[in-house]
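These notes concern the structure reproduced below.
Residue numbers (my numbering): 14 to 574.
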């Protein structure tokens, strides 16, 4: 059984109580004007006690290990024993392949913590996950909330806090103590292939409010939060998983459009910030600029010195092509630390990373004091969020937490508030009582089921029984199949309701549709929200959180019925 504090420190820590964190939440229904980002309740300097003691007992390999977050292996603790013993990592990150059900996840979490307790100083692991919700959600169990853009459409920081606090409660039940969320990118490029609905919107102030609210709610509920991706991944049409985005924005435009969420995050004292594998030559004006993750000008220069951030900085996944185009994996690991970053997420060759960092210290390229700075940040955040003294997770009770009906109600509440009616010609919505409707396209089965439950007559096939056609789309510019469904319905003389479940930019692709309802998400609760609006059970209240230039529609647009 893993002790609640490292073995060697237990006598010295008897009676020690860590400072509890708190977060003041806004009343749900408040407006963004009332919810300017505020420093979190624990933004005052945190004075660690356990962290420096742990650091003082570490050798260099222990220290380097704390800088690594490795990809979890298999579905059990035993599958991870070798890498925990070899590297004594600071953390593991879970992906879909590691996760089966609540009991298995919680058991695995408890098991890997037991293994970590047996190595070196016995420092507990950060167990991280990408559980942004919506499109990026690794858990196969638990509550599925809509994507961030849907939350942005509500304009309600209270709902952002609700989404984060509910997610945090479920992660805690599974033994997951760190979430690589929220996304603070400002989605200014409609063709962005990797951010899109993961962003709260195209308004930097709105994104700042929502990101700070979610980060604070995660932290207040015991889950370390990682705000991403500094200096911003919203103005590119290149995916950094497969290439290197070059964002050639002048500094004044970057400061106006993409800096505000990160500046607000720094002011709020967020737990951690993730770097982006993007090249910004107008910000890094060195002779040979590098991607932000390994750029001293961007991390040490702007994030640390100019903005004053002294919290934990982590890379994005180091197996992504955006950062691997010019240097070996070992060299990247050293350059990450030289840039001012603390933790290496998913180094593709951990042995090479460890060897390169050790060699850099031995040869004087890196000082051990520089390594100590980053290790202390890792340990301090673990202490601050209670990871160092956490009780073992209750594997038997995990499922009950995830099945709490209040969590499902919370997700539906967010979805209902996000539904945005952008077009409603002739007052088509809500459908007149007794209308017959045909449902086709993306999410048709789920939308039709909720329409039926709501008392709407759903008809199958073509023919005179239908008075209107609902066509679900996946967002973007509108797939040809979905465009064909809209065209076929119009050819029958039937009015069309487009239900957009991705980015709302496909509004421009369906100018002939009488009604356009934006959901910004394809999760079940969002599709149910669409049906409830169509049936007249929910009054649409969402407002577009992005501009749609191709349709000449501005952010803030949103009709009522």
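Quick reminder that beta carbons are idealized off the backbone N, C-alpha and C, glycines included.
This structure is a prediction, so every number in the text was calculated from the model and none was measured.
Cβ neighbours of residue 157 in the same chain (closer than 8 Å, five flanking residues each side left out): 146, 147, 150, 424, 536, 537 and 538
Three-state class that DSSP yields for residue 432 in the structure shown: coil
Backbone CA spacing between residue 284 and residue 419 [nearest angstrom]: 27 Å
8 Å contact criterion, which residue 140 and residue 191 should meet: CB distance rounded: 7 Å
N-terminal and C-terminal residue of the beta strand (DSSP E) that residue 207 is part of: Element bounds for residue 207: n/a, residue is neither H nor E.
Among 549, 574, 523 and 517, the one whose alpha carbon lies nearest that of residue 560: 517
Endpoints, the beta strand (DSSP E) within which residue 486 is located: 481-486
Rounded separation between residue 241 and residue 271 - CA only: 12 Å
Residue 254 at chain C interface by Cβ criterion, 8 Å: The structure shown contains no chain C, having only a single protein chain.
Segment contact flag, the stretch 210-226 with the stretch 255-262, C-beta cutoff 8 Å, min 3 pairs: no
CA-to-CA distance, residue 568 to residue 530, given in whole angstroms: 14 Å
Length of the line joining the Cα atoms of residue 427 and residue 379: 48 Å
Same chain, Cβ closer than 8 Å to residue 315, five either side skipped, listed in chain order: 244 and 296
Backbone secondary structure at residue 573 - three-state DSSP: coil
Beta-ladder partner(s) of residue 144, from DSSP: 150
Other residues of its chain near residue 306: CB distance less than 6 Å, five sequence neighbours each side excluded: 288, 290, 328 and 336
Rounded separation between residue 368 and residue 313 - CA only: 24 Å
Length-filtered (4 minimum) alpha helix (DSSP H) runs lying within the stretch 377-422: 381-397 and 411-415
Length at least 3, wholly inside the stretch 89-164: the beta strand (DSSP E) runs in chain order: 104-107, 139-142 and 144-146
Which residues DSSP lists as bridging residue 266, in chain order: Paired residue(s): none; residue 266 is not in a bridge.
Residue 456 - partner residues in DSSP beta bridges: In the DSSP output, where bridge partners are listed per residue, residue 456 has none listed.
Same chain only: Cβ atoms within 8 Å of residue 137, ignoring 5 sequence neighbours per side: 15, 126, 129, 130, 395, 400, 401 and 403
8 Å CB neighbourhood of residue 33 in its chain, flanking five on each side removed: With a pLDDT of 33 at residue 33, under the threshold of 50, the modelled position of this residue cannot be trusted, and the question is left open.
Alpha helix (DSSP H) segment containing residue 179, residue limits: 170-186
CB of residue 13 within 8 Å of CB of residue 508, strictly: Here the chain covers residues 14 to 574 and nothing more, so residue 13 does not appear.
Buried/exposed call for residue 445, threshold 16 Cβ in 10 Å: exposed
As assigned by DSSP and simplified to three states, the class of residue 329: coil
Contact set for residue 119: own chain, Cβ-Cβ below 6 Å, skip 5 residues either direction: 187, 188, 406, 408 and 411
Contact belief for residue 459 with residue 528 at Cβ below 8 Å, rounded distance in angstroms: Not quite, the Cβ-Cβ distance comes to about 19 Å (not below 8 Å), so this is no contact.
Same chain only: Cβ atoms within 7 Å of residue 98, ignoring 5 sequence neighbours per side: 132
Cβ-based neighbour list, residue 416, same chain, cut-off 6 Å, excluding 5 preceding and 5 following: none
First and last residue of the uninterrupted alpha helix (DSSP H) at residue 350: 342-352
Exposure of residue 227, with buried meaning 16 or more beta-carbon neighbours within 10 Å: buried
Environment of residue 108 [buried if 16+ CB atoms lie within 10 Å]: exposed
Between the CA atoms of residue 574 and residue 440 - distance to the nearest angstrom: 7 Å
Host alpha helix (DSSP H) of residue 232 (start-end): 217-233
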